[in-house]
Structure formats: structure tokens, C-alpha cells
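**Q**
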């Protein structure tokens with residue numbers, strides 16, 4: 014049963030990926046209902062802030078970005094299941110976040126790992142960026 | 094602010110092979126990118142196609158299923174990139190893959206560029222005047 018579910022999920026991930034890559038010119042009218050307030054906010058963002066060429070373009074871009082993120086996380090979760098040793102811990106992720114941003118604390122990975130170990134005790138849902146911020150705050154001299 | 098994360102040959106190898114000693118490090122970067130994308134940050138991972146050739150990354154091969162599915166976009170060696178890469182290679186003597194990487198870095202519309210690489214010196218060389226963040230893999 015679990016095997017079949019995993020295979021179906023992988024097939025869905027691959028199919029979503031194919032559809033996102035294809036990106037053809039055809040469009041569809043949908044009967045999708047969205048909250049009126051959200052529709053009005055999107056229209057205002059387009060008209061007054063130039064957020065996108067149209068509300069449709071804004072909605073499409075947001076949907077594409079969300080699907081990209083969902084697929085990426087599903088692929089990573091599947092990889093962690095198959096290769097548990099590949100799953101990064103919060104310390105690894107904090108170091109990676111600092112490295113990606115060129116943050117000075119990237120040069121002090123052990124400080125970041127210690128900060129991750131400290132913060133996770135009180136905030137189990139802390140993000141890697143939370144850890145970097147916490148480590149940065151800890152590094153500041155007391156006023 | 095938008096960020097482009099560019100992979101070099103070693104980063105690709107490390108990502109693809111769970112037994113590679115840097116696999117977990119490169120997966121950590123992919124995980125941070127995925128988490129930020131989920132929070133609607135403008136961040137993308139890309140690979141120049143010449144780097145893909147050097148790394149042996151064949152998108153039609155099941156052996157590359159994991160990186161294939163990670164939404165890492167190809168940056169093709171098109172006419173403009175080929176000309177820029179030829180000039181970089183002529184001036185610096187780097188490999189074709191690194192020259193393509195340099196062309197991608199220099200032409201990237203993103204405000205921030207991060208390169209995951211085993212050769213930080215060469216990446217700074219091919220980046221020219223472009224300010225980049227280099228992560229040693």
C-alpha cells in the first residue's frame with residue numbers, strides 16, 4: 014500500500030514537472046472561485062503598483078512559483094526517505110543559508126551550529142534564517 | 094531582491110551522488126532554496142548547459158532523476174552566451190564550462206548571484222566586475 018502511494022506521488026511530481034516545463038500558449042477558462050477581496054487586491058496591485066501586466070498574469074506567476082516550491086520540497090522529502098543520511102539538520106541549513114547570502118557568519122559554521130542547537134530547544138519550528146539572526150544577535154556586544 | 098544560485102561541475106556531482114562527501118552540503122543549499130521559494134522569495138537554481146556536459150548530466154538518464162526533478166533550470170549556450178564565453182575563455186584560459194558559467198554570471202538579471210563551486214578563484218576570475226557570492230563546495 015505504502016509502495017503504491019510512493020509510486021503515485023513520484024509519478025505526480027514528474028507529471029507536474031512536465032506540465033510546468035511545457036508552458037505552452039494554450040489557456041483555459043476556469044471556474045475556480047477565489048475570494049472577492051483577493052481578486053480586488055490583485056486588481057489594485059496591477060493597476061496602481063504595476064505588480065504584473067494583468068491580474069491573470071499575477072495569479073499565474075504566483076501559482077507557478079507555489080507549484081515549483083511544492084514540487085521541489087516533495088522531491089527533497091522523497092530523497093530524505095530514501096537516503097536518511099542526506100537530510101540536513103537545522104545547523105546544516107543555517108550554514109547553507111548564511112553561505113547563500115554571503116553572510117559574514119558563514120565563515121563561522123560552528124557558531125551557527127551552536128546557535129541552531131540552542132534555538133531549537135525553545136523554538137522547534139525555527140527556520141535557518143532565524144538561526145542566523147539569533148547567532149548574529151548573540152555576537153553583538155551588550156549595549 | 095532576486096537571487097540566482099549557479100552550480101558548477103563539482104556541485105552537480107555532489108548533488109547527484111548520495112555517496113559524495115559534499116552531498117549533504119549541496120542538498121542543504123537546495124533545501125534552503127526550496128524553503129525560501131515556499132515563502133515566495135525570488136530565488137532560482139540554474140546550471141549552465143556546458144557545465145552539465147562536463148558533469149555528464151544527461152537529463153534523459155534515470156541515473157540523474159534526483160537533480161532532474163529538483164526544478165534546476167538549464168541556461169543554454171546560446172549565441173550571446175557563446176560569444177561572451179569565448180571572450181572570457183580567450184582572456185582567462187579557463188575551461189569551456191567555466192567560461193559559460195562566467196557568461197551566465199555576467200548576464201544574470203538577478204540582483205544577487207551565488208555560485209556553488211569547488212574553485213572559488215576561477216569563479217571570481219570569470220565573474221569579472223560582477224559582485225558575486227562564492228560558496229566553496
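Chains as they are written, first to last, in our numbering: chain A, 14 to 156; chain B, 94 to 230. Backbone N, C-alpha and C fix where the C-beta goes; we use that ideal spot for every residue, glycine too. Since the structure is predicted, the reported quantities are computational estimates derived from the model, not experimental observations.
1. How do the region 105-112 of chain B and the region 137-144 of chain A stand: do at least 3 beta-carbon pairs fall below 8 Å, yes or no?
2. Measuring only between beta-carbons, confirm whether residue 210/B sits less than 8 Å from chain A.
3. Just to confirm before moving on: does the CB-CB distance between residue 174/B and residue 200/B stay below 8 Å?
4. Given a cut-off of 8 Å on the beta-carbon distance, is the pair residue 124/B and residue 146/A in contact?
5. What is the rounded straight-line gap between the Cα of residue 53/A and the Cα of residue 68/A?
6. One question on the structure: do residue 144/B and residue 97/B come within less than 8 Å of each other, judged by their Cβ atoms?
7. Over what stretch of residues does the alpha helix (DSSP H) that includes residue 138/B continue unbroken?
8. Which runs of the alpha helix (DSSP H) at least 4 residues long sit entirely within the region 96-136 of chain A? Give them in chain order.
9. Going by beta-carbon coordinates alone, are residue 208/B and residue 189/B separated by less than 8 Å?
10. Taking a Cβ distance cut-off of 8 Å, strictly less, list which residues of the region 17-50 of chain A are near chain B, in chain order.
11. Ignoring anything shorter than 4 residues or poking outside the region 18-79 of chain A, list the alpha helix (DSSP H) runs there in chain order.
12. Should the region 110-130 of chain B be regarded as contacting the region 102-110 of chain A, the criterion being three or more beta carbon pairs within less than 8 Å?
13. State the Cα-Cα distance for the pair residue 137/B and residue 86/A, rounded to the nearest angstrom.
14. I'd like to know whether the C-beta of residue 247/B is nearer than 8 Å to at least one C-beta of chain A.
**A** Result, derived from the coordinates:
1. With the rule of 3 Cβ pairs closer than 8 Å, the region 105-112 of chain B does not count as touching the region 137-144 of chain A.
2. Cβ-Cβ to chain A under 8 Å: no for residue 210/B.
3. Result yes, Cβ atoms of residue 174/B and residue 200/B sit closer than 8 Å.
4. Not closer than 8 Å, so no.
5. The straight-line gap from Cα to Cα measures roughly 9 Å.
6. Not in contact: residue 144/B and residue 97/B (Cβ atoms no closer than 8 Å).
7. Unbroken run through residue 138/B is the beta strand (DSSP E), 135-141; no alpha helix (DSSP H).
8. If we require 4 residues or more, the alpha helix (DSSP H) runs fully inside the region 96-136 of chain A come out as 103-114, 122-135.
9. When the beta-carbon positions are compared, residue 208/B and residue 189/B stay at least 8 Å from each other.
10. Taking 8 Å as the Cβ-Cβ cut-off against chain B, the residues of the region 17-50 of chain A that qualify are 26, 27, 30, 33.
11. Within the region 18-79 of chain A, the complete alpha helix (DSSP H) runs of at least 4 residues fall at 49-62.
12. Contact between the region 110-130 of chain B and the region 102-110 of chain A is present, with at least three C-beta pairs closer than 8 Å.
13. Taking the straight line from one Cα to the other gives about 14 Å.
14. In this structure chain B extends from 94 to 230, so residue 247/B is not present and cannot be described.
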